[in-house]
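Notes follow once the structure below has been shown.
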Amino acid sequence: MPESPLLTVYGRLFEAYGPQHWWPAETPFEVMVGAVLTQNTAWLNVEKAIANLRTHDALSAEAIVAAPHDQLAAWLQPSGYFNIKARRLQNFCHWYLAQGGFTRLQTWSTPDLRQGLLSVNGVGPETADDMLLYAFERPVFVIDAYTRRIFSRLGLLSAEAGYEHLRATFEQGLPREVGLFKEYHALIVQHAKVACRRRPQCGECVLAGACPAAQTGAA
DNA sequence: TACCAGGAGAAAA
DNA sequence: TTTTCTCATGGT
1 MPESPLLTVY GRLFEAYGPQ HWWPAETPFE VMVGAVLTQN TAWLNVEKAI ANLRTHDALS
61 AEAIVAAPHD QLAAWLQPSG YFNIKARRLQ NFCHWYLAQG GFTRLQTWST PDLRQGLLSV
121 NGVGPETADD MLLYAFERPV FVIDAYTRRI FSRLGLLSAE AGYEHLRATF EQGLPREVGL
181 FKEYHALIVQ HAKVACRRRP QCGECVLAGA CPAAQTGAA
C-alpha cells in the first residue's frame with residue numbers, strides 16, 4: 001500500500017529541516033498569548049511584545065486583565081495591530097480566568113474546548129487550533145496561509161477550500177498524533193520562510209516531485 | 001518603495 | 001451569504 005501524499009511531504013520536510021521543536025514558549029499560557037499576537041504578524045515582532053510583557057511582569061492572565069488598555073497596547077506595540085490585540089488578549093484572558101484557568105480547561109473535551117476558544121472575540125479557527133495543539137496538546141491540525149499555498153501548488157488540495165475542510169483532510173489523512181501534528185505545522189512554516197518565498201516554481205525545492213498530481217513541480 | 005508576515009472581525013455589497 | 005476593508009509594526 002503506497003504511502004499517503006501527506007506523509008510523503010512530511011518526510012521530505014523533516015529530512016530537509018529536521019525537528020523544529022515548536023512552540024517557542026516557556027509555558028502553555030505563553031503559547032496562547034503568542035497565538036493571539038502572531039495573527040498576521042512576523043514572529044520576530046511577537047517576541048518583542050512578549051518580552052515587554054515579561055519585563056513588566058505582565059505575562060499572566062491576571063496581569064493582562066488588570067492592565068489599562070493603553071498600557072497593554074503600549075507593551076504590544078512592536079507586534080502591530082496593538083489596539084486590536086490588546087482588546088483580543090484581554091477578551092481571551094477574561095474567558096480563561098472565568099473558566100478556572102489552564103488546569104480546569106485541560107479537563108474539557110477537545111470539541112468543547114475548541115468551541116469555547118472560538119466563542120472568544122478575537123480567537124478564530126487558526127488561533128484556537130494553535131492553542132489546542134501547542135498549549136493543550138490535542139491532536140488538532142493547524143491550517144494557515146502557508147499550508148493553503150504549499151498544498152494547493154502541489155495539487156493536493158484546493159486553495160479555495162474552507163478551513164474546516166482542510167483541517168479534516170489533514171486530520172483524516174495522517175496518524176492522529178500530537179507530536180506529528182506539531183512538527184508538521186512547524187515544518188510547513190519553516191519551509192515557507194526559507195524556500196518558498198519568492199520562487200514558487202523553484203526546481204530545487206525539497207518538495208519537487210513529492211506528489212504525482214503536482215502541476216507546478218514544486219511548492 | 002512596495003510587499004509580506006504563523007488572522008480575525010466588522011462593514012459593505 | 002459573500003466579499004471587502006481595517007487593523008499597524010518591522011524586515012526584506
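Mapping of the first sequence onto the working numbering: residues 1 to 219, in sequence order.
Idealized CB from N, CA, C, for every residue including glycine.
Keep in mind it's a predicted model, so treat the numbers as computed, not measured.
With 16 other Cβ atoms within 10 Å as the buried cut-off, status of residue i
{"i": "V235", "result": "Since the first residue of the chain shown is 1 and the last is 219, residue 235 is not available in this structure."}
{"i": "G18", "result": "exposed"}
{"i": "E171", "result": "exposed"}
{"i": "P125", "result": "buried"}
{"i": "H191", "result": "buried"}
{"i": "Q115", "result": "exposed"}
Opening and closing residue of the alpha helix (DSSP H) in which residue i lies
{"i": "Q71", "result": "69-76"}
{"i": "N40", "result": "Segment: none, N40 is in no alpha helix (DSSP H) and carries neither H nor E."}
{"i": "I143", "result": "No alpha helix (DSSP H) contains I143, which DSSP labels as neither H nor E."}
{"i": "N83", "result": "82-98"}
Supposed contact pair residue j and residue i - C-beta distance, whole angstroms, cut 8 Å
{"i": "L118", "j": "S79", "result": "Not really, about 22 Å apart at Cβ, beyond 8 Å."}
{"i": "T147", "j": "I188", "result": "5 Å"}
Cut-off 7 Å between Cβ atoms - residues of its own chain near residue i, not counting five sequence neighbours on either side
{"i": "H56", "result": "W75"}
{"i": "N91", "result": "V120, N121, G122"}
{"i": "Q106", "result": "F136"}
Close Cβ partners of residue i (< 6 Å) along its chain, the five nearest in sequence each way excluded
{"i": "M32", "result": "M131, A135"}
{"i": "E15", "result": "none"}
{"i": "P28", "result": "F102, A135"}
{"i": "D70", "result": "none"}
Contact test: residue i Cβ vs the ligand FMN heavy atom, cutoff 7 Å
{"i": "F92", "result": "Ligands in the displayed structure: none, and consequently the ligand FMN is not present."}
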